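Worksheet for the structure shown next.
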Amino acid sequence: MSASRIPNCRSTRGLPLLALALSISWLGACSGPDDHSDDPRPGDADTTPGALVIIGGGLSADNEDVYRAILDRRAGDGPLCVIPTAGASPESSMEGAVGRIDRWGGEGTARGLLLHLEEPEAADLPATAEAIRECSGYFFTGGVQSRILDYFLPEGRETPAYAALLERFRSGAVVSGSSAGAAMMSDPMIAGGSSEGAFEHGLALDGDEDGVRIRPGMGFISGATFDQHFLARGRIGRLLIAVAGPSGAEWGAGIDEDTALILEEGRARVAGASGVVMVDGRGVSPVEHPAEVRGLTVELVGPGDEIDLASFSVTPAPDRTPIGAARDAGFDPVGDELFERWAFLHLVQALGADERESWSTELHGYRIELRKLPGFRAVASDVEGVEGTPLGLSVGPFEVNLAPL
27 MSASRIPNCR STRGLPLLAL ALSISWLGAC SGPDDHSDDP RPGDADTTPG
77 ALVIIGGGLS ADNEDVYRAI LDRRAGDGPL CVIPTAGASP ESSMEGAVGR
127 IDRWGGEGTA RGLLLHLEEP EAADLPATAE AIRECSGYFF TGGVQSRILD
177 YFLPEGRETP AYAALLERFR SGAVVSGSSA GAAMMSDPMI AGGSSEGAFE
227 HGLALDGDED GVRIRPGMGF ISGATFDQHF LARGRIGRLL IAVAGPSGAE
277 WGAGIDEDTA LILEEGRARV AGASGVVMVD GRGVSPVEHP AEVRGLTVEL
327 VGPGDEIDLA SFSVTPAPDR TPIGAARDAG FDPVGDELFE RWAFLHLVQA
377 LGADERESWS TELHGYRIEL RKLPGFRAVA SDVEGVEGTP LGLSVGPFEV
427 NLAPL
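The sequence shown lines up with residues 27 to 431 when you count with my numbering.
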């Protein structure tokens, strides 16, 4: 649709997906001179920010717990807007996500907003900001998280599209996202890199490809950082270095696939199929690489667990019982094995089930040690979960210490 075409001011909720996407170029023309003076404004004392539903990628279409977590936290009667900016094929990503959300919320629940880097100028259009303001919440698809930043905050400049999004979040709209759509939420943001590269090179704050790459994120929450596909892809190394180094992150969360961490009003809850690794670095002074780091606190939390973000205390889900002898009893990854798929999950289960008080190995210039802390728990349900581990596995706290070799 050309910019000069006169819009039809009907609701767009029943239009085909492509028409919905194209409609953002003229939605503002239907609204007249409304200045939103009656809307809650950022910083209003009587408004509560929306929830963050941070999904670790690989979200199953059947994961009702996660979809319900998003839908139940909408603000207003507008559509839940799907934003596919991170995707290599944004229109396809958008259409798939709209269909999955409509499955759980009913036809017309979701609306696609086709915002992408092929048309970066749209981020400055009043019509785009207006389309964003109409939404009751947001779902960001996966892909490359830096694309989201380059669209909404090009070179750090706040676009009207970003301002509208932040305004709605601050007035209660839920922000959800999967994979790249999860990583982008925090400031700082993990933009790339591997666990091996993180241990060898530390933080890459200036575009260095060799370390864990850090850049400013969207800032829905500051002082934290989120990683995704976490247990499935062995990313414990890069999250530890991101929190221990001078990135600006005091704590971090590594969210596994088909799993969400839900943040609202100072608490967090886990939903979905697997677990989340919480890394608390608030008692550790940030250090340059390589350097000794002592006192990181790490927990594995499972579906139904709740975390108080002020104290980092964990309340396990009801009906969890102490885990018995694990299939992984005595599991002892050596060196690089720690960064293999699922290795950290199996290690934590094994340490929870046996009498070892600590574990250590050497890899990529560091000696890493996990040591059980007072109040240590190891509980789970009696239902099998991912990789043969019990669903709801909840183990910790551990102290994690890193020492250069």
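Glycine included, each C-beta is placed from N, C-alpha and C at the ideal position.
In this text, all values refer to a predicted model and were calculated from it rather than measured experimentally.
| query | result |
| --- | --- |
| DSSP bridge partner residues for Tyr392 (one or two, in chain order) | Leu389 and Pro430 |
| Three-state class that DSSP yields for Trp277 in the structure shown | strand |
| Span separating the alpha-carbon of Leu266 from that of Ala155 | 37 Å |
| Rounded C-alpha distance that separates Asp88 from Thr415 | 20 Å |
| 8 Å contact criterion, which Ala250 and Gly278 should meet: CB distance rounded | 6 Å |
| Local Cβ density within 10 Å of Gly307, reported as buried at 16 or more and exposed below that | buried |
| DSSP-derived helix/strand/coil call for Ser49 | The pLDDT assigned to Ser49 is 38, lower than 50, so where the model puts this residue is not dependable, and the model offers no usable value. |
| Among Ala199, Val124 and Ala230, nearest to Gly76 - alpha-carbon criterion | Ala199 |
| Through-space distance from Asp354 to Ala217, alpha-carbon basis | 32 Å |
| Ser300 - DSSP class collapsed to helix/strand/coil | coil |
| Whole-number beta carbon distance between Lys398 and Phe365, since they are thought to touch under 8 Å | That pair is no contact at about 22 Å. |
| Completely contained alpha helix (DSSP H) runs for the stretch 152-240, where each covers 4 or more residues | 152-159, 171-178, 186-196, 206-209 and 221-227 |
| Supposed close pair Ile81, Ala343 - CB separation, criterion 8 Å | Incorrect: roughly 19 Å between the Cβ atoms, too far for contact. |
| Collapsed DSSP secondary structure at Gly414 in the structure displayed | helix |
| Ser212, buried or exposed, once every other Cβ within 10 Å from all chains shown has been counted against 16 | buried |
| Whole-angstrom distance between Ala153 and Val412, CA atom to CA atom | 44 Å |
| DSSP-derived helix/strand/coil call for Asp60 | For Asp60, the predicted structure reports a pLDDT of 37, less than 50, and the residue's modelled location is therefore unreliable. A value from the coordinates is still provided. Correct three-state label for Asp60: coil. |
| Spatial distance of Glu133 from Arg126 (CA atoms) | 10 Å |
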